[in-house]
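In the working numbering, the protein residues as written are 2 to 451. Glycine residues also receive a C-beta, built at the ideal position from the N, C-alpha and C atoms. Every value quoted in this text rests on a predicted model; they were computed, and no experiment measured them.
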């Protein structure tokens, strides 16, 4: 059998298996959602909610989790898959598997183990040095007024680029004692006002456990903001049930940051999940990771950001890939992220341009990176490049407010102030500025101007 025939057979097999799993219970569609709203009867409503729970639990329970399944479905080398499973567990639920169109496509690369994970490179187990900033096992306290509260070890899928491989996929359930230690720490530190729930994925927990956590945090007087970091709307949107949303909205203000990496993940099911959250008053933001071969080009990112805005999800961060063990093949040059941000700026709404950040190795926190828009800055003026690469000048305010400097510049050479490109502020010293036109500001060059 040829390679192409093998791939076709593998694709057909997974398509059939996914279809069976998805048909175990009806998928959460717009039609089902409208039917629920049309039936106010309490018993029927309860039955519908129970049915919703059955859908996501059935999908999760039918996940692909063994090297043998990966080998049988996609033809990956069995011994390599067994070796990789020792490093990091496998989980691909049927919903997310159904988004894979062919082997090695952007969805496939995110969840199917690759022999490239064996490349050592410069990657480490704990690139962000979270253990150093963990006063108790469930808490990372890096910034003065906020903490990361790890409340779950499991996820609906296991991303091959996961930053917390050292913890995520641990089959042991987090105990109440473990959670209580985190609650006690937060309660004792009154400077903490903002909690980020993470893991693992908090929304893989039961409704009862989620409500216990939210209620306990809300009873701490100095806790103002609760954020939930979750990939669920992207990878198992059926989990965003009406019952879950009703629990979450009881404890406002709550924010959700989700994790879409590619436009193909913006499915009708994902849209409905985000719609439910937003309609319940939950602001939803998106944090994506820049991944080689997945989304490392401007057009893909542009389509993703536009699609998110249409779903009322605000693009928040693009992360440079962390230097975590087994992810060397996902990493891009930092310049690639800057190129993408520059391609987005001015070509889509400012609402759709996220921050490009590096979560600094060693635990220094997030550092935003910007394309090099400032070309020169002194006491008289700021010379800038816009999104088209055109040069513009902003006159600095003078200590002597009566000084006519801006007016003199604006009227020099007799040019009328009628067109941006012909404005004298944007014409003089062009030759000198072109020498600095190319390059990027990595957060350090600005020091040269002060």
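C-alpha distance - residue i paired with residue j, whole-angstrom precision
i	j	result
residue 169	residue 310	30 Å
residue 296	residue 147	30 Å
residue 249	residue 212	8 Å
residue 111	residue 161	6 Å
residue 389	residue 399	29 Å
residue 138	residue 243	32 Å
residue 79	residue 225	49 Å
residue 357	residue 73	39 Å
residue 345	residue 336	14 Å
residue 102	residue 278	28 Å
residue 206	residue 302	31 Å
residue 266	residue 109	12 Å
residue 145	residue 366	12 Å
residue 180	residue 186	10 Å
residue 88	residue 166	8 Å
residue 155	residue 292	22 Å
residue 182	residue 188	10 Å
residue 319	residue 231	15 Å
residue 472	residue 321	This structure does not reach residue 472, given that the chain is present from 2 up to 451, and the question cannot be answered.
residue 174	residue 153	8 Å
residue 333	residue 52	43 Å
residue 195	residue 140	13 Å
residue 294	residue 105	9 Å
residue 391	residue 379	19 Å
residue 150	residue 191	15 Å
residue 239	residue 352	27 Å
residue 204	residue 246	11 Å
residue 38	residue 86	Reliability fails at residue 38, whose pLDDT of 38 lies under 50, so the model's placement of it is uncertain and the value that follows must be treated cautiously. Looking at the two C-alpha atoms, the distance is approximately 43 Å.
residue 132	residue 61	30 Å
residue 268	residue 234	10 Å
residue 119	residue 176	33 Å
Residue range of the alpha helix (DSSP H) that includes residue i
i	result
residue 163	Where residue 163 is concerned, there is no enclosing alpha helix (DSSP H), given that its DSSP letter is neither H nor E.
residue 82	79 to 88
residue 211	208 to 219
residue 227	First-last for residue 227: 226 to 230, but that is the beta strand (DSSP E), not the alpha helix (DSSP H).
residue 343	335 to 345
residue 95	95 to 98
residue 235	233 to 236
residue 188	177 to 189
residue 239	Neither: residue 239 is in no alpha helix (DSSP H) and is coded neither H nor E.
residue 111	107 to 112
Chain-order list of residues whose beta-carbon lies under 6 Å from that of residue i (same chain, five-residue window excluded)
i	result
residue 312	272, 275
residue 256	228, 284
residue 219	252
residue 128	323, 324, 325, 362
residue 377	384
residue 66	91, 92
residue 304	264
residue 117	330
residue 193	148, 187
residue 164	323, 325
Span of the beta strand (DSSP E) around residue i
i	result
residue 288	285 to 291
residue 259	255 to 259
residue 141	140 to 144
residue 395	392 to 396
residue 382	382 to 386
residue 377	375 to 378
residue 369	366 to 372
residue 400	Note, residue 400: premise wrong, no beta strand (DSSP E); not H, not E.
Own chain residues within Cβ distance below 8 Å of residue i, not counting five before or after
i	result
residue 124	324, 325, 326, 327, 328, 329
residue 347	387, 388, 389
residue 299	340, 341, 344, 345
residue 221	184, 187, 188
Strand pairing of residue i, partner residues [DSSP]
i	result
residue 266	Looking at the DSSP assignment, residue 266 forms no beta bridge with any residue, so it has no partner.
residue 316	287
residue 351	In DSSP, residue 351 forms no bridge with anything.
residue 197	149, 228
residue 307	For residue 307, which the question treats as bridged, DSSP gives no partner whatsoever.
residue 360	367
residue 325	125
residue 65	93
Residues near residue i by beta carbon distance below 7 Å, same chain, minus five either side
i	result
residue 363	130
residue 142	134, 136, 148
residue 158	92, 93, 94, 97, 112, 236
residue 82	68, 71, 72, 114
residue 288	258, 260, 317, 318, 320
residue 282	250, 253
residue 54	242
residue 223	191, 193, 194
Should the segment 238 to 254 be regarded as contacting the segment 206 to 222, the criterion being three or more beta carbon pairs within less than 8 Å?
yes
Item to complete: Would you check if there are 3 or more beta carbon pairs closer than 8 Å linking the segment 354 to 374 to the segment 188 to 205?
Response: no
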